[in-house]
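Novice:
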Amino acid sequence: MQLIDTHNHLDFPEFDHDRDQLLSQAQALGVARQIVLGVCAPQWPRLWQLVTSTQGEQAGLFAAFGLHPVYLADHPSDAVQRLEQQLSACRQHPRLCAVGEIGLDYFVPTLDRQQQANLFIQQLELAKQFELPALLHVRRAHADTIAALKQVKLPRGGIVHAFAGSLEEAREYRKLGFLLGFGGAATWPQAQRLRRVLAALPAEQLVLETDAPDMAPVFLAGQRNSPTALAEISHCLAEVRGVSAATLAQQCTANTCALFGWPAL
1 MQLIDTHNHL
11 DFPEFDHDRD
21 QLLSQAQALG
31 VARQIVLGVC
41 APQWPRLWQL
51 VTSTQGEQAG
61 LFAAFGLHPV
71 YLADHPSDAV
81 QRLEQQLSAC
91 RQHPRLCAVG
101 EIGLDYFVPT
111 LDRQQQANLF
121 IQQLELAKQF
131 ELPALLHVRR
141 AHADTIAALK
151 QVKLPRGGIV
161 HAFAGSLEEA
171 REYRKLGFLL
181 GFGGAATWPQ
191 AQRLRRVLAA
201 LPAEQLVLET
211 DAPDMAPVFL
221 AGQRNSPTAL
231 AEISHCLAEV
241 RGVSAATLAQ
251 QCTANTCALF
261 GWPAL
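Numbered per the numbering used here, the sequence shown finishes at 265, counting up by one with no gaps.
(1) One question on the structure: do A98 and A141 come within less than 8 Å of each other, judged by their Cβ atoms?
(2) Please state if the CB of D112 and the CB of A162 are separated by a distance shorter than 8 Å.
(3) Tell me whether the beta-carbon of F120 lies closer than 8 Å to the beta-carbon of L87.
(4) Per the contact definition of three or more C-beta pairs closer than 8 Å, is the stretch 207-224 in contact with the stretch 170-187?
(5) Quick check on F219: buried or exposed, where buried means 16 or more other Cβ atoms within 10 Å of its Cβ?
(6) Identify, in the order they occur along the chain, each residue of the same chain with its Cβ nearer than 8 Å to the Cβ of A26, setting aside the five sequence neighbours on each side.
(7) Nearest by alpha-carbon distance to L47: which of A28, P69 and F15 is it?
(8) Cβ of H68 within 8 Å of Cβ of C40?
(9) When the distance is taken between beta carbons, is G165 closer than 8 Å to I233?
(10) Enumerated in chain order, which unbroken segments of the beta strand (DSSP E) with a length of 3 residues or greater are wholly contained in the stretch 95-132?
(11) Can you tell me which residues form a DSSP beta bridge with F12?
(12) I'd like to confirm the pairing. Which residues does DSSP put opposite Q34 in its beta bridges?
(13) Give, in chain order, every unbroken run of the beta strand (DSSP E) that is at least 3 residues long and sits entirely within the stretch 165-194.
(14) Evaluate F260 with the Cβ neighbour count: other Cβ atoms within 10 Å of its Cβ, from every protein chain shown; 16 or more gives buried, anything less gives exposed.
(15) If you reduce the DSSP assignment to three classes, tell me which class G66 lands in.
(16) Please report the residue range of the alpha helix (DSSP H) in which L136 lies.
(17) Please state if the CB of L3 and the CB of A249 are separated by a distance shorter than 8 Å.
(18) Determine which residues share a DSSP beta bridge with H161 and list them.
(19) By the 10 Å Cβ neighbour count, where 16 or more other Cβ atoms means buried, how is R196 classified, buried or exposed?
(20) Might you give, ordered along the chain, the residues of its own chain that have their beta carbon closer than 6 Å to the beta carbon of F62, omitting 5 neighbours on each side?
(21) Taking the continuous beta strand (DSSP E) assigned at V207, which residues delimit it?
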């Protein structure tokens, strides 16, 4: 199976002691490409260095830059301008693939919703300006996210990371050109609603992810998540959908390549 991890944070310090080993292991397990997402401006240089290193290129790493809503208080007043500069500097590089991780988070009560909305719209405008897909973080905010996407209308769509919405919301995202990311959360048997939604979604809308080091699957309960878990995650999700792991992997990989304009694996 050829797999693509569409969402992780492999540059985070949690991987500093064994990152090289994990990259090799992930490749051996069929993870041919990975997208490493930015969350705040100070992190971007480290992320870019990883992705464009010799090993990063050999491991199929790609970068997305964004301002994560959970880090709202840490973003400086010129954060959006700095994001535009970062995207401009990397614009012609093949390892830049998206704007993200961006979005709305209504789960954390202390995050100002109007500030989030302003930041989100500005970043969607940058995704539109640079003709890049957007990789979205959405928690308890699907209605406002969909409204924002209808307002900006991205030509290349994107991915809703860790999708946990309804079938109706999934259909709205599909109309807007968005795929839906699934990973560790749906491997837990108690996530019954999420698993029912996963089972009912069209295969053409699905992509795989880990969100490493977070959102550990059931077989890594209480442990650090890793891109090396993606193959086993795909087996678990395939069981939920009643298809073979190979069938799910092939479809998700094809969906991802089509979204980013990558050659087929």
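C-beta: ideal position from N, C-alpha, C; glycine also.
Given the structure is predicted, the values throughout are model-derived calculations rather than measurements.
Specialist: In short:
(1) Within the sequence shown, numbered from 1, the residue matching residue 98 stands at position 98. Within the sequence shown, numbered from 1, the residue matching residue 141 stands at position 141. Against a cut-off of 8 Å, the Cβ pair of A141 and A98 comes out as no contact.
(2) Translated into the one-based positions of the sequence shown, residue 162 becomes position 162. Translated into the one-based positions of the sequence shown, residue 112 becomes position 112. No, these two residues do not count as a Cβ contact at 8 Å.
(3) In the sequence shown, residue 120 corresponds to position 120, counting from 1. In the sequence shown, residue 87 corresponds to position 87, counting from 1. Taking 8 Å as the Cβ cut-off, F120 and L87 do not qualify as a contacting pair.
(4) yes
(5) Position 219 of the sequence shown, counted from the start, is the residue given in the question as residue 219. With fewer than 16 Cβ atoms within 10 Å of its Cβ, F219 is classed as exposed.
(6) Indexing the sequence shown from 1 puts residue 26 at position 26. Closer than 8 Å at the Cβ level, and outside the excluded window around A26, lie D5, Q34, A59, S226, P227, T228 and L230.
(7) As a position in the sequence shown, residue 47 is number 47, starting the count at 1. Among A28, P69 and F15, the Cα nearest to that of L47 is on F15.
(8) The count along the sequence shown starts at 1 and reaches residue 68 at position 68. The count along the sequence shown starts at 1 and reaches residue 40 at position 40. Yes, these two residues count as a Cβ contact at 8 Å.
(9) As a first step, residue 233 is located in the sequence shown; it is residue number 233 there, counting from the start. As a first step, residue 165 is located in the sequence shown; it is residue number 165 there, counting from the start. No, the Cβ-Cβ distance between I233 and G165 is not below 8 Å.
(10) 96-105
(11) For the purposes of this step, residue 12 is taken as residue 12 along the sequence shown, with counting starting at 1. Per DSSP, none; premise fails for F12.
(12) Along the sequence shown, read from residue 1 onward, the residue named residue 34 stands at position 34. DSSP output for Q34 lists D5 and L61 as bridge partner(s).
(13) 178-182
(14) Here the question's residue 260 lines up with position 260 in the sequence shown. Label assigned to F260: buried.
(15) The residue given as residue 66 occupies position 66 in the sequence shown. Here G66 sits in coil by DSSP.
(16) To locate residue 136, count along the sequence shown from 1; it is residue 136. Taken as a continuous stretch (DSSP letters only), L136 belongs to no alpha helix (DSSP H), being part of the beta strand (DSSP E) at A134 to R139.
(17) In the sequence shown, residue 249 corresponds to position 249, counting from 1. In the sequence shown, residue 3 corresponds to position 3, counting from 1. Going by C-beta atoms, A249 is nearer than 8 Å to L3.
(18) Locating residue 161 in the sequence shown gives position 161, where the first residue counts as 1. DSSP output for H161 lists H137 as bridge partner(s).
(19) Here the question's residue 196 lines up with position 196 in the sequence shown. The residue is exposed, with fewer than 16 neighbouring Cβ atoms inside 10 Å.
(20) The sequence position of residue 62 within the sequence shown is 62, counting from 1. Within the same chain, F62 has close Cβ partners I35, R95 and C97.
(21) Within the sequence shown, residue 207 is the residue found at index 207, counting from 1. Segment L206 to L208, the beta strand (DSSP E) holding V207.
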